[in-house]
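According to UniProt numbering, the sequence shown is numbered sequentially starting from 1. Have a look at the structure below before the remarks.
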Amino acid sequence: MICRSACLSVALQRAKSVEMGGMMSYFHGFFGERETRILMLGLDGAGKTTILYKLQSGETVKTIPTIGFNVEQVTHKNIKFQVWDLGGQTSIRPYWRCYYQNTDAIIYVVDSADKDRMGLSKKELISMLEEEELKDAVVMILANKQDIPDCLSLTDVHHALGFDALRNKTFQIFKTSATSGDGLEEAMDWLSNALQHRN
């Protein structure tokens, strides 16, 4: 169980990051350039940080395991996304819930080549979706690393995760490659449209 002091510390970190990005962006109209809060979650090594910087800069960057979080602004179509990339290590995952408040959407990244941990990825996904603070969040799942030989197909990932927990949510799954960028444009198009229709 995560103590309140730990989540308070996280909240202070979040507040500082939001202040740096400019809180006034939250008050723009949605179809102007409203900043939308996105959490990018998934197990360690799934490719979250690589995806974040591919979306932000179009470049493939060399990354190291995220201890804590990375936060960047990503603009797609007419929407500014404030994307929080949270570390996925075992010791960090319990702290994800400290970031759930005011989240508009979840990008859940799965390593399609990590067959041994697909069950764990499913467990974390289901646990996350049970949180009250995320009941209205749009969910987008990225079956990443589709460029790796012998990875699970999109259909296989779909079956492995099972989507009973998502039956009452707005969600979609896409196959992606963080390094090449394949699938990311289509995924972000869907996310933008889903958020616009939700509002």
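Ideal Cβ placement from N, Cα and C applies to all residues, glycine included.
What did DSSP end up calling residue i once you bin it into helix, strand or coil?
i, result
"ARG167", "coil"
"VAL157", "helix"
"ALA105", "strand"
"ASN78", "coil"
"SER192", "helix"
"LEU86", "strand"
"ILE173", "strand"
"SER25", "Note that SER25 has pLDDT 42, beneath the 50 cutoff, so the model's placement of it is unreliable and the number below is only indicative. Correct three-state label for SER25: helix."
"GLU35", "strand"
Whole angstroms is fine: what's the gap from residue i's alpha carbon to residue j's?
i, j, result
"PRO65", "ASP116", "19 Å"
"SER180", "ILE141", "18 Å"
"LEU112", "LYS123", "At residue 112 the sequence reads Ser, which differs from the Leu that was named. Distance between the alpha carbons of SER112 and LYS123: 16 Å."
"CYS151", "VAL83", "27 Å"
"GLY58", "ASN144", "17 Å"
"ASP182", "LYS54", "10 Å"
"ILE79", "ASP136", "19 Å"
"TYR108", "GLY42", "5 Å"
"TYR26", "THR36", "Residue placement at TYR26 is flagged as unreliable, the pLDDT there being 40, under the threshold of 50; a coordinate-derived value is accordingly withheld."
"THR63", "ALA194", "30 Å"
"MET40", "ASP85", "5 Å"
"GLN196", "LEU184", "18 Å"
"GLY88", "TYR95", "10 Å"
Give the single residue among the options whose Cα lies nearest to the Cα of residue i.
i, options, result
"GLU138", "SER177, CYS151 and MET188", "Contrary to the premise, residue 138 reads as Val rather than Glu in this sequence. Residue MET188 is the option with its Cα nearest to VAL138."
"PHE69", "LYS175, GLY58, HIS76 and THR49", "THR49"
"ASP114", "ILE173, ARG198, SER153 and GLU186", "SER153"
"SER121", "VAL71, ARG93 and SER177", "ARG93"
Quiz item: Between the stretch 159–167 and the stretch 98–105, do at least 3 Cβ pairs fall closer than 8 Å?
Solution: no
Exercise. Run through the stretch 43–71 for me and flag every whole alpha helix (DSSP H) of 4 or more residues, listed as ranges in chain order.
Key: 48–57
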